[in-house]
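Novice:
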Amino acid sequence: MFQFSSEQFRLKVGLAEMLKGGVIMDVTNAEQAKIAEDAGASAVMALERVPSDIRKEGGVARMCSIEIMEEIMKTVTIPVMAKARIGHFMEARILESMGVDFIDESEVLTPADEEHHIDKNDFKVPFVCGARNLGEALRRIGEGAAMIRTKGEAGSGNIVEAVRHIRTIVKEMKQLTVLGKEELMHSAKTLGAPIELVEWVAAHGKLPVPNFSAGGIATPADAALVMQLGAEAVFVGSGIFKSSDPVNRANAIVMAAKNFNNPEKLLEASRTLGAAMPGLEISKIPEGELMQGRGW
Amino acid sequence: MKKVGVLSLQGDFAAHGAALERAGAEPVYVRERAQFGAIDGLVIPGGESTTMLKLLHYEHLFEDVAEFGSRKPVFGTCAGAILMARSVANPAQESFALMDIAIERNAYGRQLDSRVIELDTAPEFTARVGTGKLEAVFIRAPIIRSVAADVKVLAEYGGTPVLVEQGRHLAATFHPELTRDLRVHQLFLERL
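So the sequences go chain by chain: A and B.
Note that the first sequence covers residues 1 to 296 in this note's numbering.
Note that the second sequence covers residues 297 to 488 in this note's numbering.
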């Protein structure tokens with residue numbers, strides 16, 4: 001059963017709270033992890049290949065290799081997150097045994113289960129999950145996710161999907177706040193979400209866990225945009241290490257997350273950055289290759 | 297009403313702001329140099345100390361915080377306590393040296409070693425802000441390895457200090473901002 005007040009859930013959400021206002025960077029080896037930490041990342045996300053390479057190379061994308069993960073954990077002092085496949089609770093158990101600080105049950109990897117997600121309440125390690133709408137977010141929280149990241153289209157370098165999804169979630173939350181109590185059960189039904197969580201959102205106007213944004217963030221302006229729209233921190237995947245100058249770009253996005261409300265500082269952060277990662281037009285990506293639709 | 301700055305570069309500054317409001321103070325989310333003139337005290341929140349240090353330098357705020365601390369009260373939790381320490385280990389890093397304590401980062405281990413503990417507090421703590429156990433949320437917390445003679449230890453856990461006061465400054469290795477208990481914040485507000 002889901003319990004907000006349980007000690008374990010508070011510790012999980014507590015770590016998510018500490019990551020607010022920061023930038024979590026995708027890294028595929030210890031060297032990149034060090035660059036990310038030195039640039040001011042508040043955590044790193046370990047994975048086998050960044051999303052744009054997964055997109056290019058195809059094949060099954062799994063959790064990161066154990067050796068690389070251990071090396072990353074030895075190299076940096078900031079929290080280390082790692083991706084597990086949707087529904088792959090044994091990848092998650094292995095990551096938990098290693099002592100990673102957070103697990104991302106991620107649509108960027110090839111799903112292991114096309115119906116079920118991991119029972120995250122059963123783990124001691126906190127989880128973050130992606131969501132495109134409020135129903136999806138609340139189902140994940142109901143399963144025990146301690147952080148939501150609104151999905152974009154990973155590896156696209158295109159912010160349009162992240163914007164669409166954060167706007168959707170924020171709008172759906174606002175709508176709940178004006179409903180009468182008797183209307184909430186119907187909302188729970190249409191959202192496909194647990195009634196307790198629907199009631200909580202209706203009362204507070206926000207998610208009961210921190211809400212970050214991920215997918216398609218390539219520039220300081222992109223990071224500031226999603227934070228203006230309500231994200232409390234950002235994940236940057238391919239955007240840093242697929243750009244022409246990762247060190248400068250990592251620094252600039254960290255600056256942007258702190259200064260999302262200050263255009264002059266954003267201007268400063270956006271200077272002399274070199275080329276951003278190449279972007280993809282979403283409509284040119286074949287339907288079957290879109291990652292955002294994974295997750296149920 | 298007391299105006300209390302919360303250093304809002306990265307971390308759980310919003311949770312501190314909410315706790316200060318509940319304790320009857322007005323939080324000011326400090327992101328720029330100009331804001332230091334208008335506050336009576338400063339809270340350095342939890343978060344990642346490496347990220348905060350980086351941003352303090354990017355934004356040229358390091359000297360401002362140090363200067364503010366030389367004349368006004370500062371309260372740090374977790375990463376904030378690390379930044380206030382005289383010396384930092386695991387690894388060694390720069391700090392404001394506002395309090396004569398030596399601190400070790402991530403000293404309990406990783407997230408799986410995070411914990412909630414009901415603490416006994418020192419008589420001075422209960423005399424000033426009230427009796428009862430103090431719920432302490434430790435998240436990837438540091439450990440205070442040594443303190444100077446004039447540092448008051450207001451609570452201990454596992455034989456090491458977790459809530460300390462020296463002169464006008466206060467530091468906790470845990471997160472009072474993540475509980476409903478306002479006594480630690482009240483202790484700080486008392487100094488303003």
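Note that the Cβ used here is the ideal one computed from N, Cα and C, for glycine as well.
1) I'd like the list of long-range same chain contacts for residue 383/B, defined as Cβ closer than 6 Å, with 5 residues on each side in sequence excluded.
2) Between which two residues does the alpha helix (DSSP H) holding residue 89/A run?
3) Does the beta carbon of residue 78/A sit closer than 9 Å to a beta carbon anywhere in chain D?
4) In chain order, what residues of the same chain lie with their CB nearer than 7 Å to the CB of residue 544/B, ignoring the 5 residues before and after it?
5) Does chain A have any CB closer than 9 Å to the CB of residue 408/B?
6) What do you get for residue 272/A, buried or exposed, if any count of 16 or more other CB atoms within 10 angstroms of its CB means buried?
7) For the region 11-28 of chain A, which residues have a CB atom closer than 9 Å to at least one CB atom of chain B, in sequence order?
8) By the DSSP assignment, the beta strand (DSSP E) with residue 331/A in it spans what residues?
9) So what does DSSP say about residue 323/B, is it helix, strand or coil?
10) Could you name the residues of chain B that residue 254/A contacts, counting a contact when the two beta carbons are closer than 9 Å?
11) For the beta strand (DSSP E) holding residue 413/B, just list the boundary residues, first then last.
12) Compare the C-beta of residue 441/B with all C-beta atoms of chain A and state if any pair is closer than 9 Å.
13) Can you check the region 101-170 of chain A for any alpha helix (DSSP H) of at least 4 residues that lies completely inside it and give the ranges in chain order?
14) Answer yes or no: do residue 345/B and residue 375/B have a C-beta to C-beta separation smaller than 9 Å?
15) Between the alpha carbons of residue 23/A and residue 239/A, how many angstroms are there, rounded?
16) How many Å lie between residue 469/B and residue 393/B at the Cα?
17) Exposed or buried, residue 476/B, counting other C-beta atoms within 10 Å across all chains shown (16 or more means buried)?
18) Quick check: residue 449/B and residue 457/B, are their CB atoms within less than 9 Å of each other?
19) Looking at the structure shown, is residue 206/A part of a helix, part of a strand, or coil, going by DSSP?
20) Please classify residue 203/A as buried or exposed, where buried requires at least 16 neighbouring CB atoms within 10 angstroms.
21) Are the CB atoms of residue 366/B and residue 379/B nearer to each other than 9 Å?
22) Compare the Cα-Cα distances from residue 232/A to each of 179/A, 147/A and 90/A and report the closest residue.
23) Roughly how many angstroms separate the alpha carbons of residue 444/B and residue 218/A, rounded to a whole number?
24) If we ignore side chains and look at the alpha-carbon of each, how far apart do residue 347/B and residue 18/A end up?
25) Spatial neighbours of residue 259/A within its chain, please: CB distance less than 8 Å, with the 5 preceding and 5 following residues excluded, ordered by chain position.
26) Residues bridged to residue 211/A by DSSP?
27) If you drop the 5 nearest sequence neighbours on each side, which residues of the same chain put their C-beta closer than 7 Å to that of residue 116/A?
28) Hey, is residue 1/A's beta-carbon within less than 9 Å of any beta-carbon in chain B?
29) With DSSP as the reference, identify every bridge partner of residue 465/B, one or two as the case may be.
Specialist: Based on what the coordinates show:
1) 398
2) 89-98
3) Reference to chain D is not applicable here, since the protein chains of this structure are A and B.
4) The question about residue 544/B has no answer, for chain B in this structure spans 297 to 488.
5) yes
6) exposed
7) 11, 12, 13, 14, 15, 17, 18, 19, 20, 21, 22 and 23
8) The structure shown does not extend to residue 331/A, since chain A spans only 1 to 296, so no value can be given for it.
9) strand
10) 306, 347, 350, 351 and 354
11) 411-415
12) no
13) 134-143
14) yes
15) 12 Å
16) 16 Å
17) exposed
18) yes
19) coil
20) exposed
21) no
22) 147/A
23) 48 Å
24) 11 Å
25) 224, 265, 266 and 269
26) 148/A
27) 87
28) No answer about residue 1/A holds up, because its pLDDT of 48 lies below 50 and its placement is not dependable.
29) 462/B
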